[in-house]
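For the sequence shown, position 261 (counting from the first letter as 1) is numbered 266 according to this note's numbering, and the numbering increases by one without interruption.
We put the CB at the ideal spot given by N, CA and C, even for glycine.
All figures in this text were calculated on a predicted structure; none of them were measured in a lab.
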Amino acid sequence: MSSVPHPLGLVVVGFGGMGHEHVRKLDGVEEIAVAGTFDISQARQDLAVSLGLKAYTSFQVVLDDPKVAIVLLATPNDSHKDLAIAALHAGKHVICEKPVTLNSAELDAIVEASKKAERLFMVHQNRRWDEDYLTVKKLLAEGTLGKFYHLETRVLGSRGIPGDWRKLAKNGGGMMLDWGVHLLDRLVFLIPGKITQVFCKLNYPTGQEVDEGFHLFLTFEGGQTALVEVGTCHYQSLPLWLVLGTKGTALIKDWSLEGGIVGVGGNEGDAKPIVAGAGLTKTMAPRTEKGEVHLPLPVVTSDVRDFYRNFVATAEGRAEPLIRNEEVRRILCLMEAAFESHRTGQVVRFEG
Ligand code: NAD
């Protein structure tokens, strides 16, 4: 017998790429029943019907339907705030796609509406379930690398910014809001303590009106540093993760989790100089076979459907939220500092 007698009715608003993905994922979540979808595009409404889904005729009809307990927003970034506040006022719980809003003030307005309506508002920071990230988290917790001091995390493509609204500032386009929000949301759980300094350079290689990528350098209060890079005009791949400790370096090449750890092996004595380019170096001479060990990554598996399960359990008062609005706000503030750093060309002092 099911432990969940009444699945909550959910409507996906914005049945584009991600809206469709939510419907697919929700298929395996018994706590939720997809009641239908709504999209302002007739083509997407038709697609929903062709898939056997109910296509609601307007957002207001969604809000007026008492069978709908949860509204899931998968519309372009600039529309999240108004749609979320309207849904909360109508007594619905809300799941919202990332980036939650274009700035922290907009999120504050939603959180206030959520408190007033006593309805749950949670952001779909699904990449906290990414197995590459969870593997790095485990690796750092196990201390295999010795004292951790720096990491680099990257996502790189060569096809430019996809779609239409993602290229427009008015819709909250650009790669900082699109991918930066994911990478930063994961990163801050890997390195304890406050971030103290932010330096960022956005890039616009093909002349779009929004950032096509960026390099972002963070310093934490414990002295650790992190480099976050996103690129859409990058024709060679670089590792998804590079993690450096005093006793080893871990590398994760790609989403298939190819990679490993190289650590310190037996005593190999003094390094011998090697010829390097037009010079000689002892410092950069590679370790000998005896001097290093190769270890596998401590691969972690996950199920992103736990996000929806936790949402329902939290809405019903049975659990604490896995994604907290304060955490999401911290990342919005961090991205605001990154934009300021790019604008001023300065390191921005940060206390959060
Ligand atoms: P998309 O363009 O494929 O889909 C957006 C859909 O929203 C379109 O079909 C459009 O017609 C519809 N729409 C626009 N305004 C609307 C409104 N007011 N009411 C109803 N429908 C409306 O975009 P996408 O890639 O699916 O992105 C949607 C959201 O999901 C964005 O916030 C994006 O950042 C997020 N997203 C998240 C992930 C993730 O992994 N969490 C991945 C991709 C996209």
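By Cβ distance below 6 Å, which residues in the same chain neighbour Asn330 in space, the five residues on each side in sequence not counted? Val116
Contact check, Leu161 vs His239, beta carbons under 7 Å: yes
Within 8 Å, do at least three Cβ pairs link the segment 73-93 to the segment 14-24? yes
Start and end of the alpha helix (DSSP H) containing Cys338? 330-349
Cβ neighbour criterion (16 or more within 10 Å) applied to Asp44: buried
Runs of beta strand (DSSP E) wholly within the segment 168-241 (minimum 3 residues, chain order): 200-208, 218-225, 230-236
Less than 6 Å between the CB of Ala255 and some heavy atom of the ligand NAD, yes or no? no
How about Val18: is its Cβ closer than 6 Å to a heavy atom in the ligand NAD? yes
Three-state secondary structure (DSSP) at Ala290? coil
What residue range does the alpha helix (DSSP H) around Ala324 cover? Premise fails: Ala324 is in no alpha helix (DSSP H) and is neither H nor E.
Examine the ligand NAD and report whether any of its heavy atoms sits within less than 6 Å of the Cβ of Thr319. no
Kindly indicate the opening and closing residues of the beta strand (DSSP E) around Val39. 37-43
Uninterrupted alpha helix (DSSP H) stretches inside the segment 19-92 (no shorter than 4 residues): 22-31, 47-55, 64-69
If you draw a straight line from the C-alpha of His299 to the C-alpha of Glu234, how long is it? 27 Å
Taking 6 Å as the cut-off, is the C-beta of Ala91 nearer than that to any heavy atom in the ligand NAD? no
By the three-class DSSP mapping on this structure, what secondary structure does Ala95 have? coil
Cβ of Leu195 within 7 Å of Cβ of Lys142? yes
To the nearest angstrom, how far is the alpha carbon of Gln202 from that of Arg354? 5 Å
For the ligand NAD, is there a heavy atom less than 6 Å away from the beta-carbon of Met23? yes
Would you kindly check if the distance between the Cβ of Leu221 and the Cβ of Cys205 is under 7 Å? yes
Mapping the DSSP letters down to three states, classify Glu102 as helix, strand or coil. coil
When the Cα of Leu173 is compared with those of Asp87, Met289, Gly212, Gly148, which residue comes out closest? Gly212
Examine the ligand NAD and report whether any of its heavy atoms sits within less than 6 Å of the Cβ of Glu332. no
When DSSP labels each residue in this structure, what does Ala281 get in the three-state scheme? strand
The ligand NAD heavy atoms versus the CB of Glu136: any closer than 6 Å? no
Measuring CB atoms only, is the segment 294-312 touching the segment 65-72, in the sense that at least three cross pairs come out at less than 8 Å? no
Spatially closest choice to His11 from Ile336, Glu321, Val333, by CA coordinates: Glu321
From which residue to which residue does the beta strand (DSSP E) around Val116 run? Unbroken run through Val116 is the alpha helix (DSSP H), 109-122; no beta strand (DSSP E).
Under the three-state reduction of DSSP, which class applies to Arg133: helix, strand or coil? helix
Buried versus exposed call for Val54 [16 or more other C-beta atoms within 10 Å across all chains shown]: exposed
Three or more C-beta pairs under 8 Å: does that hold for the segment 167-181 against the segment 214-229? yes
Tell me the rounded alpha-carbon separation between Thr254 and Leu156. 10 Å
What number of angstroms, rounded off, separates the C-alpha of Met181 from the C-alpha of Lys175? 14 Å
Three-state secondary structure (DSSP) of Glu147: helix
In angstroms, rounded to a whole number, what distance separates the CA positions of Trp134 and Ser307? 6 Å
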